[in-house]
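The sequence shown begins at 11 in our numbering and counts up by one.
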Amino acid sequence: MGTDIHGGLFYKSWKDEYQFVELPPVFSGRNYDFFAILAGVRNGYGFAGCARHTPVTPIAENKGIPKVLSSFEAKDTWIFGDHSKTHVTLKDILQTDKHLVQVVRYGVFTEHEYKLIKDNKSLPEDIDYCGDITGKGVQVLDDYQYDKGNFELEYYNNSSKGKIPKELYIRTSWEEKPFVTIIEKLKQWMLLYAPYDENKYDEVILAVGFDS
C-alpha cells in the first residue's frame, strides 16, 4: 500500500488566531523524498518495501502536534492522519541543513537508460525509474553482472508469438542530493505566511501526519 500525508500549514492571522492552509500539490502527493527528509516516513524505501535510497536523519521525526493546534484535531480527528504525527516551524526549516545530505539511490533501468547513466555518471533529469520491477516477461540483472556479461538471456512463452526473450533491466545505484529542491520549495512556501517580526517565525507551523 502507498502512504499519504495529511495536515498543512498553520499561521496566526491579524486576530491572533491560527489559520489553516492546505498543502499544495508539490507536498500533498506521494512524494516519498519529502516524507523521508521531513518526518522519517518511507525513509529509504518505497512501495512494497523496495529500496529507494540510503536512510537519512529527518528534520522533524515524531515530534507530535503542538497543543496550540489541538482545537483543529478536536474538530477533525483525521486532519493529521493516524501515525507519525510531527511538526516543524518556519524558524526550524530556515535553520536546518539536514536536507543537504548526499544519499545512495537505487533503481532499475532499461539497457538504454543504464548506458546513459554510465555515460553521464549520474541520473539524467529526463529519466523516470522505479525501485524494482517484476513479471514473467522481465529479467533483472545487477549492474556488475551486466557489465561483465556474466549472464544468459532468459526466454518465456508468449501465447501469440511463442518463445521470446524477456525484457532486460539493470539494477544499479548512484549518489545524489535529492532533498535540496523540495525543502527549498517548502521554505519559500512557508515564508509566504511569515509575520514581519522574525522573532515570531516559530508561530508559522507545518503540522502533518500520515496514513498507510
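Cβ atoms here follow ideal geometry from the backbone N, Cα and C, with glycine treated the same way.
Per DSSP, cross-strand counterpart(s) of LYS173: Translated into positions along the sequence shown, residue 173 becomes position 163. Residue pairing by DSSP places LYS173 opposite ASN167 in a beta bridge.
Which listed residue (THR67, GLU83, VAL66) has its alpha carbon closest to that of GLY74: Reading the sequence shown from its first residue, position 64 is the one you call residue 74. If you compare the alpha carbons of THR67, GLU83, VAL66 with that of GLY74, the shortest gap goes to GLU83.
Cβ-based neighbour list, TYR42, same chain, cut-off 7 Å, excluding 5 preceding and 5 following: Numbered from its first residue, the sequence shown carries residue 42 at position 32. ARG52, GLY56, ARG62.
Simplified DSSP state of LYS19, which is helix, strand or coil: As a first step, residue 19 is located in the sequence shown; it is residue number 9 there, counting from the start. The sequence shown places Leu at residue 19, not Lys. LEU19 falls in the strand class under three-state DSSP.
CA-to-CA distance, GLU121 to ASP138, given in whole angstroms: Numbered from its first residue, the sequence shown carries residue 138 at position 128. Numbered from its first residue, the sequence shown carries residue 121 at position 111. The alpha-carbon of ASP138 is positioned some 14 Å away from that of GLU121.
Backbone CA spacing between TYR124 and PRO35 [nearest angstrom]: Numbered from 1 along the sequence shown, position 114 holds the residue referred to as residue 124. Numbered from 1 along the sequence shown, position 25 holds the residue referred to as residue 35. Linking TYR124 to PRO35 through their CA atoms gives a straight-line distance of about 30 Å.
As assigned by DSSP and simplified to three states, the class of TRP199: For this step, residue 199 is matched to residue 189 along the sequence shown. Here TRP199 carries a helix assignment [DSSP, helix/strand/coil].
Residues of its chain near VAL218, where Cβ-Cβ distance is below 8 Å and the 5 sequence neighbours each way are ignored: Against the sequence shown, residue 218 aligns to sequence position 208. In chain order, ILE15, HIS16, GLY17, GLY18, LEU33, LEU48, ALA49, PHE90, GLY91, LYS95, THR96, HIS97 place their CB closer than 8 Å to the CB of VAL218, counting only its own chain and leaving out the 5 sequence neighbours on each side.
Cβ-based neighbour list, SER153, same chain, cut-off 6 Å, excluding 5 preceding and 5 following: As a working note, residue 153 is residue 143 in the sequence shown. Reading off the sequence, residue 153 comes out as Asp, not Ser. ILE180, THR182.
Endpoints, the alpha helix (DSSP H) within which VAL113 is located: Against the sequence shown, residue 113 aligns to sequence position 103. For VAL113, there is no enclosing alpha helix (DSSP H); the enclosing beta strand (DSSP E) covers residues 113-120.
CA-to-CA distance, THR99 to LYS85, given in whole angstroms: Sequence index remark: in the sequence shown, residue 85 carries index 75 (1-based). Sequence index remark: in the sequence shown, residue 99 carries index 89 (1-based). Going by the C-alpha atoms only, they are around 22 Å apart.
Assumed close pair TYR28, LEU79 - CB separation to whole angstroms, cut-off 8 Å: The residue labelled residue 28 in the question sits at position 18 within the sequence shown. The residue labelled residue 79 in the question sits at position 69 within the sequence shown. The beta-carbon distance between TYR28 and LEU79, rounded to whole angstroms, is 7 Å. This is short enough to meet the 8 Å contact definition.
Residues near CYS60 in its chain [Cβ-Cβ closer than 6 Å; skip 5 each side]: As a position in the sequence shown, residue 60 is number 50, starting the count at 1. Here the set comprises GLY141, ASP142.
Beta-carbon proximity of ILE193 to ILE103, cut-off 9 Å: One-based indexing of the sequence shown puts residue 193 at position 183. One-based indexing of the sequence shown puts residue 103 at position 93. Judged by beta-carbon spacing, ILE103 lies within the 9 Å limit of ILE193, meaning their Cβ atoms are closer than that value.
PHE37, DSSP secondary structure in three states: Here residue 37 is taken as the residue at index 27 of the sequence shown, counted from 1. PHE37: helix per DSSP, three-state reduction.
Start-end ranges of the beta strand (DSSP E) lying completely within the stretch 59-87, minimum 3 residues: Counting only runs of 3 or more, we get nothing.
Where the alpha helix (DSSP H) through ILE103 begins and ends: Translated into the one-based positions of the sequence shown, residue 103 becomes position 93. That run of the alpha helix (DSSP H) goes 100-105.
N-terminal and C-terminal residue of the beta strand (DSSP E) that ASN221 is part of: For this step, residue 221 is matched to residue 211 along the sequence shown. It is worth fixing the name first, because residue 221 is Asp in this sequence and not Asn. Going by DSSP, ASP221 is part of the beta strand (DSSP E) stretching over 215-221.
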